[in-house]
Amino acid sequence: MFNAFRELGMAVRTIFLLRYIIDMNLRQQITSTTNKIESYNGFIDWIRFGGEGIITNNNPVEQEKRIKYSELVANAIILHNTVDMTIAINKLLKEGHKILKSDVEAMSPYITRHLKRFGDYHIDISVVPEPIQREVLIS
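Residue numbering for the sequence shown follows this note's numbering, beginning at 49 and increasing consecutively.
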């Protein structure tokens with residue numbers, strides 16, 4: 049039975065590789081998705097700057113906490129970056145600039161150069177950002 053499943057798996061893998069070779073759209077989609085995932089992984093690595101992201105504790109509960117805390121910080125930074133980008137886009141639109149939908153789609157919320165890893169952060173949660181005016185974006 050094992051040999052039959054192994055042979056089936058090899059046939060499925062071969063079919064996929066042949067599709068990958070002949071289908072340009074499939075290759076582009078896989079590359080694009082891989083780049084997004086690698087970008088996020090690099091972003092998480094930047095957040096977990098101490099110990100290069102290596103979890104040294106063997107306790108599964110502590111390991112899960114470290115992962116969840118890193119993702120919580122990542123989500124907070126992504127939200128912060130998205131709000132900042134939305135404000136900038138709205139400002140450009142009000143100034144009369146034309147912004148293409150494809151330009152907005154190419155933007156990434158994984159920006160870190162403006163963040164201080166150490167320091168005081170004062171957060172005012174009463175400020176709600178304005179939404180992007182979708183009807184003004186050009187396709």
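C-beta: ideal position from N, C-alpha, C; glycine also.
Residue i classed as buried or exposed, judged by whether at least 16 other C-beta atoms fall within 10 angstroms
i, result
"Ile78", "exposed"
"Ile95", "buried"
"Ile85", "exposed"
First and last residue of the uninterrupted alpha helix (DSSP H) at residue i
i, result
"Asn107", "That residue, Asn107, is in no alpha helix (DSSP H); it is neither H nor E in DSSP."
"Lys143", "Just to set this straight, residue 143 is Glu in the shown sequence, not Lys. From DSSP, Glu143 is part of no alpha helix (DSSP H); its letter is neither H nor E."
"Ile92", "72-95"
"Lys149", "149-154"
Contact check, residue i vs residue j, beta carbons under 9 Å
i, j, result
"Ile122", "Phe91", "One point to set straight first is that residue 122 is Ala, not Ile, in the sequence displayed. The answer is yes: Cβ separation under 9 Å."
"Tyr135", "Ile147", "Here the sequence assigns Ile to residue 135, which means Tyr is not the residue at that position. It is not a contact, given that the beta carbons lie outside the stated cut-off."
"Tyr88", "Tyr158", "yes"
"Arg161", "Phe97", "no"
"Asn106", "Arg114", "no"
"Leu163", "Ile126", "no"
"Val109", "Pro177", "no"
The ligand MN heavy atom lying under 8 Å from the CB of residue i
i, result
"Leu65", "No copy of the ligand MN appears in this structure; indeed no ligand is present at all."
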